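According to numbering that gives the first Met the number 0, the sequence shown is numbered sequentially starting from 0.
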Amino acid sequence: MKLTTLNPEIAKKILENNLRQEHRNLSKRACFSKTALRFKEEKIPDRENIRPAFFHDTDRIIHSLVYTRYIDKTQVFYLFENDHITHRVLHVQLVSKIARVIGRALSLNEDLIDAISLGHDLGHVPYGHDGERKLNEILQKKSNEYFCHNAQSVRALRLLERKGDGLNLTLQVLDGILCHNGELMLKEYNPDFNKTKEQFLTEYENCWKVKGYSKKIISMTLEGCVMRISDVIAYIGRDLEDAITLGLIERKDIPKSVSKAIGDTNSSIVNNFALDIINNSYGKDFIKLSNEKFDAINEFYEFSTKAIYQNPLKSTQDDKIKNMFDVLFEIYLNDLEKDCNESSITKYYIKSMNQEYLDKTSKPRIVCDYIAGMTDDFFNKEFRNAMIPNNFGYKIEKSVANNVYKN
0 MKLTTLNPEI
10 AKKILENNLR
20 QEHRNLSKRA
30 CFSKTALRFK
40 EEKIPDRENI
50 RPAFFHDTDR
60 IIHSLVYTRY
70 IDKTQVFYLF
80 ENDHITHRVL
90 HVQLVSKIAR
100 VIGRALSLNE
110 DLIDAISLGH
120 DLGHVPYGHD
130 GERKLNEILQ
140 KKSNEYFCHN
150 AQSVRALRLL
160 ERKGDGLNLT
170 LQVLDGILCH
180 NGELMLKEYN
190 PDFNKTKEQF
200 LTEYENCWKV
210 KGYSKKIISM
220 TLEGCVMRIS
230 DVIAYIGRDL
240 EDAITLGLIE
250 RKDIPKSVSK
260 AIGDTNSSIV
270 NNFALDIINN
280 SYGKDFIKLS
290 NEKFDAINEF
300 YEFSTKAIYQ
310 NPLKSTQDDK
320 IKNMFDVLFE
330 IYLNDLEKDC
340 NESSITKYYI
350 KSMNQEYLDK
360 TSKPRIVCDY
370 IAGMTDDFFN
380 KEFRNAMIPN
390 NFGYKIEKSV
400 ANNVYKN
């Protein structure tokens, strides 16, 4: 097949136009595409690629296998037969949309915002944060490491994709993903503009070694900070609507002080927070919430934690799910130690990874990577296959019986 190539003169004009657009549209505080840093040289250097670096990263993310598996990843609510409930694949798109609205108003790099937003939750495990807490507990026991989904997202993109070679995304995108932890609210986000590759790698390693470390780090770009607060805005409003749809709470349960400050619907919550951030961050080198909105988001998060995330009506199956993680982790670990070729972790995962990954990665970490990458549905099927006897059908096929005798 003959490959189509771009006319050099046309390519030159496109590259020049890309530069002009950024200089015309972006604030001096924005992260320009020409400042993008990668850990390995590209076959076509970013400066010669008509796709700007962060735009190119978005393409790589959405075409990755791990992104495809977003489609069946829990956001908050699992085991409900309701197609209108938010899944992870919708959440990341909502985050991207909210963050790009804010980013555009602040003249920031929307390509960078989009890439961080779409990639930030790729490391989430089956059954959302509940599954994450259980996998963290297991990993601590097995290898004295801590598990957090934001570091696992970086791991998936840097190491696990392309059979262990990774996607070679830019430092700025990986940094925004690593620093996105949305469980610690800040009134003001001040980017670590001077962060280096070495500092990023140290922060990444510390996420596995130091308990709660991922909550302490701040992105090196305003774009990463915008995405981090947009993640919170996206989930608190949408989780509220989902909880009401499922009958866990009623709209009247929302604290009056919260609804007065930000409204009581997803649309009003998103709008009020987005405009507040723009008002308080425009022309600044930080991202900030007003005192009123910061107090409101903290009170709303506290309400949501008790009324939604820890609602006993939602948690009736949690012990069973925790047991599933324990059982599957032990099965996979034993299979690896025994070099069991018939195990699903061997057939579906080990054989798809390169030798360098297998040589450098501990067996507990390999099991963790495998489980973290599963969809909820595949996780459930794996447990059923492991624990529930298979039906032999009408009779044993002759070909199967003959093979048994031959062996």
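Ideal Cβ placement from N, Cα and C applies to all residues, glycine included.
From a predicted model like this one, the values you see are computed outputs, not experimental measurements.
Euclidean distance between Cα positions of Phe-377 and Leu-89: For the purposes of this step, residue 377 is taken as residue 378 along the sequence shown, with counting starting at 1. For the purposes of this step, residue 89 is taken as residue 90 along the sequence shown, with counting starting at 1. The straight-line gap separating the alpha-carbon atoms of Phe-377 and Leu-89 is approximately 19 Å.
Beta-bridge partners of Phe-287, as assigned by DSSP: Against the sequence shown, residue 287 aligns to sequence position 288. The sequence shown places Lys at residue 287, rather than the Phe named in the question. Among the bridge pairs identified by DSSP, Lys-287 is matched with Glu-187.
Assigned secondary structure, Thr-195 (DSSP; H/G/I helix, E/B strand, else coil): On the sequence shown, residue 195 is found 196 positions in, with the first residue counted as 1. Correct three-state label for Thr-195: coil.
Coarse secondary structure for Thr-444, derived from DSSP in three states: A question about residue 444 goes unanswered here, because the residues of the chain that appear run from 0 up to 406.
Cβ pair Asp-247, Asn-310 closer than 7 Å: Counting from 1 along the sequence shown, the entry for residue 247 is found at position 248. Counting from 1 along the sequence shown, the entry for residue 310 is found at position 311. Per the sequence presented here, residue 247 reads as Leu, with Asp not at that position. Cβ distance < 7 Å, so Leu-247 and Asn-310 count as in contact.
Proximity of Ala-114 and Asp-56 at Cβ, strictly below 7 Å: Taking the sequence shown and counting its residues from 1, the one referred to as residue 114 is at position 115. Taking the sequence shown and counting its residues from 1, the one referred to as residue 56 is at position 57. Remark: C-beta atoms of Ala-114 and Asp-56 approach each other more closely than 7 Å.
CB contact flag (Asp-120, Arg-87, <7 Å): What you label residue 120 is simply residue 121 of the sequence shown in a count that begins at 1. What you label residue 87 is simply residue 88 of the sequence shown in a count that begins at 1. The Cβ atoms of Asp-120 and Arg-87 lie closer than 7 Å to each other.
Glu-144: first and last residue of the uninterrupted alpha helix (DSSP H) it sits in: Counting from one through the sequence shown, the residue named residue 144 turns up at place 145. First-last for Glu-144: undefined, no H or E at that position.
Separation of Glu-341 from Asn-406, as counted between CA atoms: Locating residue 406 in the sequence shown gives position 407, where the first residue counts as 1. Locating residue 341 in the sequence shown gives position 342, where the first residue counts as 1. With a pLDDT of 49 at Asn-406, under the threshold of 50, the predicted position of this residue should be treated as unreliable, and no value is reported.
Glu-355 CB to nearest heavy atom of the ligand SAH below 6 Å: This structure lacks the ligand SAH; in fact it carries no ligand of any kind.
For Asn-290, the nearest candidate out of Asn-279, Lys-283 and Arg-37 (CA to CA): For this step, residue 290 is matched to residue 291 along the sequence shown. The shortest Cα separation from Asn-290 among Asn-279, Lys-283 and Arg-37 belongs to Asn-279.
Beta-carbon proximity list for Lys-194, same chain, < 6 Å, skipping 5 on both sides: Translated into the one-based positions of the sequence shown, residue 194 becomes position 195. Excluding positions up to five away in sequence, the list reads Met-219.
Close beta carbons around Asn-167, own chain, < 6 Å, minus the five adjacent residues each side: The residue you call residue 167 lines up with position 168 of the sequence shown. Excluding positions up to five away in sequence, the list reads Arg-37 and Lys-39.
Continuous alpha helix (DSSP H) assignments of at least 4 residues falling wholly in the segment 220 to 253: Taken in chain order, the complete alpha helix (DSSP H) segments of 4 or more residues contained in the segment 220 to 253 are 221 to 244.
Extent of the continuous alpha helix (DSSP H) run through Asn-24: Counted from its first residue, the sequence shown places residue 24 at position 25. From DSSP, the alpha helix (DSSP H) with Asn-24 extends over 7 to 24.
Contact set for Ile-277: own chain, Cβ-Cβ below 8 Å, skip 5 residues either direction: On the sequence shown, position 278 is the one that residue 277 refers to. Counting only Cβ-Cβ distances below 8 Å, and skipping sequence neighbours, we find Ile-101, Ala-104 and Leu-105.
Residue of Asp-230, Glu-144, Thr-73 and Asp-174 minimising C-alpha distance to Gly-127: For the purposes of this step, residue 127 is taken as residue 128 along the sequence shown, with counting starting at 1. That would be Thr-73, whose Cα lies nearest to the Cα of Gly-127.
Nearest-angstrom Cβ-Cβ length linking Asp-230 and Val-75, presumed shorter than 8 Å: Walking along the sequence shown from the start, residue 230 turns up at place 231. Walking along the sequence shown from the start, residue 75 turns up at place 76. Contact doesn't hold; Cβ gap of about 13 Å is too wide.
Classification of Val-366 by the beta-carbon crowding that lies within 10 angstroms, buried from 16 upward: As a first step, residue 366 must be located in the sequence shown, where it is residue number 367. Per the 10 Å Cβ criterion, buried.
Exposure of Asn-82, with buried meaning 16 or more beta-carbon neighbours within 10 Å: Counting from one through the sequence shown, the residue named residue 82 turns up at place 83. Checking the sequence shown, residue 82 turns out to be Asp, not Asn. Under this definition Asp-82 is an exposed residue.
Cβ distance (whole Å) where Glu-298 is taken to contact Ser-256 below 8 Å: Within the sequence shown, numbered from 1, the residue matching residue 298 stands at position 299. Within the sequence shown, numbered from 1, the residue matching residue 256 stands at position 257. Confirmed, about 6 Å.
Presumed contact (8 Å Cβ cut-off) between Val-65 and Glu-160, rounded CB distance: Reading the sequence shown from its first residue, position 66 is the one you call residue 65. Reading the sequence shown from its first residue, position 161 is the one you call residue 160. So it is a contact: roughly 6 Å between Cβ atoms.
Reference Leu-156; option with closest CA among Asn-265, Lys-215, Met-0 and Ile-60: Numbered from its first residue, the sequence shown carries residue 156 at position 157. It is Ile-60.
Three-state secondary structure (DSSP) of Arg-50: Locating residue 50 in the sequence shown gives position 51, where the first residue counts as 1. Reduced to three states, the DSSP call for Arg-50 is coil.
Reference Asn-180; option with closest CA among Glu-41, Tyr-308, Gln-198 and Tyr-212: The residue labelled residue 180 in the question sits at position 181 within the sequence shown. Comparing Cα positions, the closest option is Tyr-212.
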